[in-house]
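Notes to accompany the following structure.
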Amino acid sequence: MTTSAMDQSSSSPAMSFTVLASTAPVLAPRVGKLAIAGRKTIATPHHVPLTSRGTVPHVAHDVMRQHTEINSLYAGLEDFIARKQPPVYNTPAADHESPLKKFICVPEDMPLILGPRRFPPIPCPPANTSSSIALLTSTGFTQLDAHDYVQAVQKLRPDIAVGMVDLANKQPGSKRRARMVDRTHAWNRDALEQLYGPSVAEEKKAKSAYFAPILPLDNAQQSLYLDDLESEFRWDISGLALYQSASLGFVPESLADLPRLLFSEPETPHTILRDISLGADLLTTPLLGVSSDAGIAMDFVFPVPDVLQDGSAKPRPLGTDMWKSDHAVDTSSLGEGCTCYACKNYHRAYVHHLLVAKEMTAWAILQIHNFHVMDAFFAGVRESIQRGTFEQDVRMFNCVYTSAMPESTGEGPRLRGYQLPANGPNQPRRMPKAYGLLDGAAQKFAASQSEVATPDAGADELEEQGFAEKA
Ligand SMILES: [Zn+2]
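Below, the structure written as structure tokens:
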């Protein structure tokens, strides 16, 4: 592997992305450095910790500072705009500060990425329109206007803003795909105009870097969209936001110097490695939080240490289920030889007890450990790419570890509305019926409700909302 010093910086003066090692401009793993003036530098590939209403779930801010290596955050605007006059917009902040960081109490040097929706987003039954997208706040479904989103970026001043994208809930047909391209293109154009356009006074120009969305399309429409992106917006965008790993294959060489943020939901570290080998720089890994919630302490190391490289041994699990009663009297640490705060201070028996007692400290401890495992994993990936042994290391990793995360045998913490898919007509009940005796009365109530006239909706409208097929 050759180490090329492609020293390119993007248009946004505050942000620069430098590729330190790669074999090819696209579709190859690469090591880079994302530097934003006055912020912590992000070494890539790296994962972006996901927040829920401004915090990393289970991790208090002081714990995050003292016991994790979290050095970037992703937040969704939908978490903050439930009210008509969202208080986040009234947060006092100096000109060089981000009101959003003040609002969620993270230090100014923490790189913060803002998108319209949290990740992973809950699918919204209402359809997007040509000027807005549907999203879910804590008070229900609503529409976020593209213009309002850009204003939010201007007010909240995140370090990186991800452009609004028109995504379909299900596999889009050809007409829908064309609409996705048209809408997203128009939103990009208007956003860039509003943020950095020639009509904006120099001192009013946004300091946030803009990551342009790449649609999850794989046909002529994708090329059409990318051509426009390149010819019209090349010098205003600082990065790309992708919504499926297959899109990494469509990034043209002319846009190769831009950092790629992949909104992915990998189910295992193997998938993360595959996405990195396709050239992803920043990745979301909801898998981390899901494992902690399930009571699983992740347990994998990349590259695989020599002691584990025994071809004859059976595949090693990727994690340990702390709900299992085997751990009831086990005083060893969550991960063998792990140096995280959780492993240095607590043992398996304690975590098992906390889980069984539904004590929420359990998830905090698991989260600290899992963040440590994931950070070490990405550090190992970067070293491996720089050393030029990434391919062999991935092959060894796939041999040594099983192909799936262990199944949890226990329950997670209580789920909240914004973490659950909306109730569709054919979804099973989330909770068993609690009041059997009321069933007769409930049926009568349901019957009386169904006689209440429903508002008439035209067939076109129904199709637009994707209801036609369900009906
Ligand atoms: Zn640990």
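Start counting the sequence shown at 1; every next residue gets the next number (the UniProt record's numbering). Where a beta carbon is used, it is the ideal one built from N, C-alpha and C, also for glycine.
Helix, strand or coil: how does DSSP classify residue i here?
{"i": "histidine 347", "result": "coil"}
{"i": "valine 394", "result": "helix"}
{"i": "alanine 376", "result": "helix"}
{"i": "isoleucine 214", "result": "strand"}
{"i": "arginine 176", "result": "helix"}
{"i": "leucine 415", "result": "coil"}
{"i": "alanine 186", "result": "helix"}
{"i": "histidine 96", "result": "coil"}
{"i": "leucine 229", "result": "helix"}
{"i": "alanine 241", "result": "strand"}
{"i": "histidine 46", "result": "strand"}
{"i": "residue 511", "result": "Nothing can be reported for residue 511, as the shown portion of the chain is limited to 1 through 471."}
{"i": "methionine 298", "result": "strand"}
{"i": "alanine 168", "result": "coil"}
{"i": "arginine 387", "result": "helix"}
{"i": "methionine 64", "result": "helix"}
{"i": "glycine 249", "result": "helix"}
{"i": "phenylalanine 80", "result": "coil"}
{"i": "isoleucine 272", "result": "helix"}
{"i": "arginine 382", "result": "helix"}
{"i": "aspartate 109", "result": "coil"}
{"i": "asparagine 426", "result": "Caution applies to asparagine 426, whose pLDDT of 48 falls short of 50 and renders its modelled position unreliable; the value that the coordinates give is listed next. Three-state DSSP puts asparagine 426 in coil, outside helix and strand."}
{"i": "threonine 361", "result": "helix"}
Would you report the Cα separation of residue i and residue j, rounded to the nearest angstrom?
{"i": "methionine 15", "j": "alanine 209", "result": "7 Å"}
{"i": "phenylalanine 378", "j": "leucine 278", "result": "15 Å"}
{"i": "threonine 68", "j": "valine 31", "result": "22 Å"}
{"i": "isoleucine 272", "j": "threonine 285", "result": "8 Å"}
{"i": "alanine 161", "j": "tryptophan 363", "result": "30 Å"}
{"i": "serine 4", "j": "glycine 380", "result": "Caution is warranted here: a pLDDT of 38 is assigned to serine 4, below 50, making its placement in the model unreliable, and no coordinate value can be reported."}
{"i": "phenylalanine 211", "j": "alanine 349", "result": "45 Å"}
{"i": "serine 72", "j": "isoleucine 113", "result": "8 Å"}
{"i": "threonine 44", "j": "lysine 33", "result": "6 Å"}
{"i": "proline 125", "j": "histidine 327", "result": "43 Å"}
{"i": "aspartate 281", "j": "isoleucine 237", "result": "16 Å"}
{"i": "threonine 139", "j": "alanine 75", "result": "18 Å"}
{"i": "arginine 183", "j": "serine 131", "result": "8 Å"}
{"i": "glycine 412", "j": "aspartate 293", "result": "5 Å"}
{"i": "threonine 142", "j": "tyrosine 149", "result": "13 Å"}
{"i": "phenylalanine 302", "j": "glutamate 78", "result": "35 Å"}
{"i": "alanine 459", "j": "aspartate 166", "result": "Bear in mind that the predicted position of alanine 459 carries a pLDDT of just 41, short of 50, making it too unreliable to give a figure here."}
{"i": "glycine 424", "j": "glycine 337", "result": "Because the pLDDT at glycine 424 is just 49, under 50, the model does not fix this residue reliably, and the point stays unresolved."}
{"i": "glycine 163", "j": "alanine 206", "result": "14 Å"}
{"i": "isoleucine 368", "j": "leucine 287", "result": "14 Å"}
{"i": "aspartate 257", "j": "glutamate 232", "result": "17 Å"}
{"i": "leucine 242", "j": "isoleucine 214", "result": "5 Å"}
{"i": "proline 406", "j": "arginine 316", "result": "11 Å"}
{"i": "asparagine 128", "j": "aspartate 62", "result": "39 Å"}
{"i": "alanine 471", "j": "isoleucine 42", "result": "Here the model assigns alanine 471 a pLDDT of 38, short of 50, so the residue's position is not dependable, and the following value carries that caveat. Answer to the nearest angstrom: the Cα atoms are 48 Å apart."}
{"i": "arginine 382", "j": "asparagine 370", "result": "19 Å"}
{"i": "methionine 360", "j": "isoleucine 81", "result": "27 Å"}
Please confirm whether residue i has its beta-carbon closer than 9 Å to some beta-carbon of chain D.
{"i": "serine 138", "result": "Among the chains of the structure shown, chain D does not appear; only one protein chain is present."}
Given that a residue counts as buried once 16 or more other Cβ atoms are within 10 Å of its Cβ, and exposed if not, what is residue i?
{"i": "asparagine 90", "result": "exposed"}
{"i": "cysteine 105", "result": "exposed"}
{"i": "methionine 322", "result": "buried"}
{"i": "aspartate 159", "result": "buried"}
{"i": "aspartate 375", "result": "buried"}
{"i": "arginine 117", "result": "buried"}
{"i": "phenylalanine 17", "result": "buried"}
{"i": "alanine 313", "result": "exposed"}
{"i": "glutamine 309", "result": "exposed"}
{"i": "proline 259", "result": "buried"}
{"i": "cysteine 399", "result": "exposed"}
{"i": "valine 19", "result": "buried"}
{"i": "methionine 64", "result": "buried"}
{"i": "asparagine 188", "result": "buried"}
{"i": "threonine 409", "result": "exposed"}
State yes or no: is the C-beta of residue i nearer than 8 Å to some heavy atom of ligand 1?
{"i": "histidine 67", "result": "no"}
{"i": "alanine 297", "result": "yes"}
{"i": "valine 373", "result": "yes"}
{"i": "alanine 342", "result": "yes"}
{"i": "isoleucine 70", "result": "no"}
{"i": "threonine 361", "result": "no"}
{"i": "glycine 239", "result": "no"}
{"i": "glycine 335", "result": "yes"}
{"i": "threonine 331", "result": "no"}
{"i": "threonine 129", "result": "no"}
{"i": "histidine 369", "result": "yes"}
So residue i packs on residue j, CB below 8 Å; how close in whole Å?
{"i": "valine 48", "j": "leucine 283", "result": "7 Å"}
{"i": "aspartate 190", "j": "alanine 152", "result": "Contact flag wrong, Cβ pair sits at about 14 Å."}
{"i": "proline 29", "j": "phenylalanine 390", "result": "5 Å"}
Compute the minimum distance between the beta carbon of residue i and the heavy atoms of ligand 2, and state whether it is under 8 Å.
{"i": "threonine 339", "result": "For the structure depicted, ligand 2 is absent and the ligand set comprises only ligand 1."}
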